[in-house]
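A short write-up of the structure that comes next.
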Amino acid sequence: MFGTIRLFLSSRKSWTIPYVIFSAVFVILPLLLIVVYAFMDDAGHFTLGNFAKFFAHPEAINTFVYSIGVAIITTVVCILLGYPAAYILTQTRMKYASAVVVLFILPMWVNILIRTLATVALFDFMNMPLGEGALIFGMVYNFLPFMIYPIYNTLQKLDKSYVEAAQDLGANPVQVFLKAVLPLSMPGIVSGILMVFMPTISTFAIAELLTMNNIKLFGTTIQENINNSMWNYGAALSLIMLFLIGATTLLASDDNDPNEGGGLW
Amino acid sequence: MVKRILCQGYLWLLLLLLYAPIFLIMIYSFTEAKVLGNWTGFSTKLYSSLFVSGTHHSLTNALLNTLSIALIAATASTLLGSVTAIGIFNLRSRARKAISFVNNIPILNGDIIIGISLFLLFVSLGIPQGYITVVLAHITFCTPYVVLSVLPRLKQMNPNIYEAALDLGATPMQALRKVIVPEILPGMISGFMLAVTLSIDDFAVTVFTIGNEGLETLSTYIYADARKGGLTPELRPLSTIIFVLVLVLLVIINRRASKKKEE
Amino acid sequence: MQQSSYIIEVNGVSKFFGDKMVLDNINLYVKKGEFVTVLGPSGCGKTTLLRLIAGFQTASEGEIKIAGKEITQTPPHKRPVNTVFQKYALFPHLNVFDNIAFGLKLKKIPKQIIGKKVKAALRMVGMTDYEYRDVNSLSGGQQQRVAIARAIVNEPEVLLLDEPLAALDLKMRKDMQMELKEMHKTLGITFVYVTHDQEEALTLSDTIVVMSEGKIQQIGTPVDIYNEPINSFVADFIGESNILNGIMVKDKLVRFAGVEFECVDEGFGENMPVDVVVRPEDWYIFPDSDASQISGVVTSSIFKGVHYEMVVNANGYEFIVQDYHHFAVGERVGLLVKPFDIHIMKKERVCNTFEGELVDETHVDFLGCTFECLPVTTIAPGAKVQVHVDFKDVILQDNEEDGTLTGDVCFILYKGDHYHLTVASDWGEDIFVDTDDVWDNGDHVGITILPESIKVTQVVES
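Residue numbers (the working numbering), protein chains in the order written: chain F, 329 to 593; chain H, 143 to 405; chain C, 10 to 471.
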């Protein structure tokens with residue numbers, strides 16, 4: 329018994345131990361705390377009241393549904409804009425293409441809030457109203473790189489002989505794209521969807537800034553509750569969002585492992 | 143030919159759209175107006191006032207905090223992530239899957255969940271929130287990305303080179319230092335860069351873990367600023383400088399990489 | 010203690026990966042300065058054996074000594090051996106010089122001496138002036154030369170080579186074979202070489218160790234192994250062979266393919282079933298005449314560069330014959346073989362024998378399944394029994410679900426008029442099958458045994 333333990337410690341398998349402990353304390357335990365707080369009232373007793381409160385509140389539910397809608401629209405726009413961009417990038421010369429990919433990621437180095445405020449200024453500058461249009465633009469603006477990068481990665485690794493085989497078998501360019509390239513790049517699209525949909529649904533602050541506090545997203549609702557010391561209700565709302573995230577991931581990873589091939593990094 | 147121009151045009155149009163707000167900031171960093179979008183003539187006053195010590199004490203402080211948090215968190219997560227990746231690589235597939243699953247949680251969870259869950263953790267454990275809690279939080283969401291950057295390097299590595307080093311008389315630690323680390327170094331560097339980027343750009347996690355003892359990072363500073371109604375004008379030159387610095391850095395790195403390739 | 014004359018001693022070494030036994034009680038003794046080749050098909054355990062000697066894995070049982078010192082548990086960096094890997098395993102971040110100097114630097118040898126030794130090693134492998142090249146820019150052959158230089162520069166007692174030429178093309182492989190042999194002579198150290206290429210083994214080695222399924226089949230000089238294969242596996246694996254079932258009528262007389270042949274072997278007993286091996290080049294082929302020991306018709310003839318390879322069908326058996334003379338397909342020919350070119354091998358087995366247990370009068374358990382058998386009245390149910398099944402009575406089916414149990418075809422031997430297959434059953438035991446049907450290596454098959462084919466005998470308690 330002792331020997332086995334010593335062997336394990338001397339092998340490099342044991343190198344995962346620090347991270348396992350770290351993750352247990354800073355990832356798993358905090359998530360469990362959300363669950364605990366969500367089912368607890370102010371006095372520390374078990375309750376379902378926090379959830380009852382959510383479902384009894386049309387305003388909260390509205391915000392929730394609205395946020396999902398915004399996230400879906402943002403994701404769709406990102407796919408529509410990002411896929412062609414990624415596709416064009418893979419068709420261009422390698423050296424040049426990687427430089428352009430960097431250009432798409434570079435804006436991340438300007439603080440997200442400054443970027444958002446600059447978007448507001450841009451809309452002001454062009455005399456466009458701040459509202460849903462600005463909200464979607466801001467979201468797409470912030471998360472488009474997360475769509476382009478995984479799709480670009482998958483398309484780049486795509487074996488060209490599939491395309492040639494499809495051509496050889498008599499497919500025209502449109503058919504080649506629809507029947508060969510698109511299905512083969514699905515893993516990249518799925519990663520992209522995860523990387524855009526998840527952050528969009530949980531954003532806060534950005535929405536307020538983009539719409540002059542006119543539109544509230546679910547993330548903001550959660551933040552307000554936490555800030556106002558309504559931890560239990562906030563935790564319940566977080567749990568609802570966590571549930572949504574889990575369901576989306578499960579749905580997406582059904583036939584796709586985000587670690588394989590199509591991953592973002 | 144027409145198709146190519148159309149394609150390239152699309153890319154550049156998309157980039158223009160993405161960069162429009164940033165260009166706006168850069169242009170308006172050369173004027174004095176308090177409100178962005180108001181041109182009151184060319185001036186470098188915002189730049190000079192940014193560098194005159196004392197005038198914008200809190201902003202400089204926030205910047206320094208952001209940078210130091212990013213560097214500490216990125217260094218820690220690069221070390222932790224690399225060690226973990228080597229460990230995961232040596233595990234059997236089932237344990238490997240389990241740890242990879244846990245590793246993916248912070249990536250998929252979304253900032254707000256990480257922020258709130260860590261907030262609840264610190265509150266429940268009675269840990270006072272401040273600099274250290276922010277660093278810990280940043281390590282939490284940066285490490286998974288480092289693991290994911292280093293693992294592919296290990297998978298690409300010829301599995302025999304570690305054994306070859308042992309065979310030539312290296313102790314396991316020497317083999318690690320002289321053979322494995324150089325092999326995974328590119329992954330560690332890109333993981334580090336990614337961690338710095340994520341840490342600097344973060345707002346959601348920071349705001350929940352920073353406490354209210356007056357500690358500010360760039361994000362929380364700007365947020366507070368924006369809620370008060372306006373952006374401190376000096377943020378414009380600051381963003382411009384950061385952006386240009388990063389751009390130059392990237393160009394240099396790219397040049398070097400392509401030069402090395404040609405050799 | 011008496012100083013052993015062997016540089017490597019492997020005593021009763023077994024290795025398990027989980028439940029799977031990959032090495033089964035290996036005993037191997039290598040003399041100083043010998044060129045030993047471990048030869049076998051993939052998965053026979055040869056690489057594992059090498060890795061145990063190098064120290065990358067440790068033996069589950071038994072002990073390994075190098076230069077008289079017990080090193081079974083010693084980590085690789087403390088062993089006086091160096092390894093050349095199949096895929097070179099050069100350190101990609103170091104140039105040629107630093108790759109070769111790696112081991113010397115670890116030993117803290119002065120810089121000047123390192124420089125000299127690296128230069129000498131490079132000269133040895135014919136790569137002078139390549140010191141400062143990036144290893145990734147070298148061809149496969151050059152990379153392997155650097156890998157060899159990197160190993161020999163440390164002056165190991167034993168050089169271990171794990172299929173070092175497998176990744177090279179044919180021409181390069183031939184050149185490197187000659188160079189390795191030259192190097193072995195010059196260096197005077199022991200080489201242990203692992204390969205699945207029988208020709209390579211015959212060309213290079215002083216001693217060949219033939220392995221199969223984790224066991225050593227035969228150890229001997231190339232000539233011994235080629236001329237006197239100990240069993241049908243070795244005969245089939247080394248060179249081309251005609252392997253047939255025969256009956257040893259009496260000393261120096263064997264009957265196969267319906268004809269009696271004079272031979273030189275004796276001591277098998279009368280009317281004993283044996284395996285007979287005749288190498289294709291040992292047959293004399295000529296227009297049918299009185300001199301023919303056996304006559305037949307040429308069914309195929311292929312020009313092989315120096316000789317023709319012909320298949321002759323005689324008495325319902327197919328013989329492969331190699332000769333400089335060409336005989337056309339359809340021609341009637343006679344065959345003759347000299348007595349000393351007939352190699353007789355004792356049959357390892359004449360039928361399948363399994364340990365089992367009688368369930369009731371008409372059912373018996375073996376191979377992890379219950380089989381129906383003809384009524385057994387003389388043995389009490391529940392008794393331990395031995396079950397015998399003739400090779401030809403085992404029925405193989407394409408559709409795995411049709412069989413009582415399933416298995417994989419893992420070894421095929423053509424015996425002139427039928428195939429002798431080894432099927433690794435999913436239960437773990439091997440089943441031997443004689444069949445006229447053509448199966449491929451690796452085929453997954455269903456296995457059925459009819460009740461009338463199962464012979465049950467009581468185990469005599471000793």
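We put the CB at the ideal spot given by N, CA and C, even for glycine.
Small disclaimer: the values here were computed from a predicted structure and weren't measured.
Open item on the list: Run through the DSSP bridge pairs and tell me what glycine 229 of chain C is partnered with.
Closed with: C/Ile217
Task: Outcome for serine 358 of chain C when other beta-carbon atoms lying within 10 angstroms are tallied against a minimum of 16 - done: According to the sequence displayed, residue 358 of chain C carries arginine and not serine. Arginine 358 of chain C should be labelled exposed.
Open item on the list: In whole angstroms, give me the CA-to-CA distance for glutamate 340 of chain C and leucine 37 of chain C.
Closed with: 49 Å
Open item on the list: Starting from leucine 459 of chain C, trace the beta strand (DSSP E) in both directions and tell me its first and last residue.
Closed with: Per DSSP, leucine 459 of chain C belongs to no beta strand (DSSP E) and is neither H nor E.
TODO: Check the Cβ of glutamine 316 of chain H against every Cβ in chain C and list those closer than 9 Å, keeping chain order.
DONE: His86 and Leu115
Task: Under 8 Å between C-beta atoms of valine 243 of chain C and valine 268 of chain C - done: no
Task: glutamate 327 of chain C: first and last residue of the uninterrupted beta strand (DSSP E) it sits in - done: 326 to 332
TODO: Report yes or no: do the region 470 to 477 of chain F and the region 425 to 432 of chain F share at least 3 C-beta pairs separated by less than 8 Å?
DONE: yes
Open item on the list: Less than 8 Å between CB atoms is the rule here; does asparagine 439 of chain F satisfy it with respect to chain H?
Closed with: yes
- [ ] Classify threonine 212 of chain C as helix, strand or coil using the three-state DSSP reduction.
- [x] helix
- [ ] Determine the burial state of tryptophan 154 of chain H: buried for a count of at least 16 other Cβ atoms within 10 Å of its Cβ, exposed for fewer.
- [x] exposed
Open item on the list: For the beta strand (DSSP E) containing leucine 414 of chain C, name the first residue and the last one.
Closed with: 414 to 423
Task: Touching by the beta-carbon criterion (3+ pairs, under 8 Å), the region 383 to 391 of chain H and the region 294 to 307 of chain H - done: no
Task: Residues of its chain near asparagine 246 of chain H, where Cβ-Cβ distance is below 8 Å and the 5 sequence neighbours each way are ignored - done: Pro286
Task: Assigned exposure category for leucine 201 of chain H - 16 Cβ within 10 Å defines buried - done: buried
Open item on the list: Determine whether the beta carbon atoms of lysine 401 of chain C and proline 282 of chain C lie at a separation below 8 Å.
Closed with: no
- [ ] Find out if the Cβ-Cβ distance for the pair glutamine 406 of chain C, valine 454 of chain C is shorter than 8 Å.
- [x] yes
Open item on the list: Using DSSP's beta-bridge definition, name the partner residues of cysteine 378 of chain C.
Closed with: C/Phe375
- [ ] Could you work out which residues of chain H lie near histidine 102 of chain C, taking near to mean beta carbons separated by less than 7 Å?
- [x] Pro324 and Glu325
Task: Any chain H beta carbon closer than 8 Å to lysine 96 of chain C - done: yes
Open item on the list: With a threshold of 8 Å between beta-carbons, can aspartate 367 of chain H be considered close to chain C, or not?
Closed with: no
TODO: Please state whether DSSP places asparagine 408 of chain C in a helix, a strand or coil.
DONE: coil
Open item on the list: So, with DSSP's three-state summary, where would you put alanine 215 of chain H?
Closed with: helix
Task: Distance between asparagine 104 of chain C and leucine 463 of chain F (C-alpha atoms, nearest Å) - done: 55 Å
Open item on the list: Tell me the DSSP secondary structure of alanine 433 of chain C in three-state form.
Closed with: strand
Task: Boundaries of the beta strand (DSSP E) in which valine 289 of chain H is found, first to last residue - done: Run containing valine 289 of chain H: none in the beta strand (DSSP E); it sits in the alpha helix (DSSP H), 273 to 298.
Task: Start-end ranges of the alpha helix (DSSP H) lying completely within the region 157 to 228 of chain H, minimum 4 residues - done: 187 to 193
- [ ] Flag lysine 24 of chain C as yes if its beta-carbon sits less than 8 Å from any beta-carbon of chain H, otherwise no.
- [x] no
Task: Short CB-CB distance (under 8 Å) between glycine 112 of chain C and chain H - done: yes
Task: Span separating the alpha-carbon of isoleucine 217 of chain C from that of glutamate 188 of chain C - done: 19 Å
- [ ] Verify the CB distance criterion: does alanine 346 of chain H have a CB-CB separation below 8 Å to chain C?
- [x] no
Task: Neighbouring residues, chain F, relative to alanine 312 of chain H (Cβ below 8 Å) - done: None at all; the shortest Cβ gap to chain F is about 15 Å.
Task: Whole-angstrom C-beta distance between phenylalanine 354 of chain F and leucine 250 of chain H, which should lie under 8 Å - done: At roughly 16 Å, the Cβ-Cβ gap does not stay under 8 Å, so leucine 250 of chain H and phenylalanine 354 of chain F are not in contact.
Task: N- and C-terminal bounds of the beta strand (DSSP E) containing proline 515 of chain F - done: No beta strand (DSSP E) holds proline 515 of chain F; the alpha helix (DSSP H) holding it covers 514 to 530.
Task: Backbone CA spacing between phenylalanine 546 of chain F and threonine 348 of chain H [nearest angstrom] - done: 19 Å
- [ ] Could you tell me whether the Cβ of asparagine 163 of chain C comes closer than 8 Å to any Cβ of chain H?
- [x] yes
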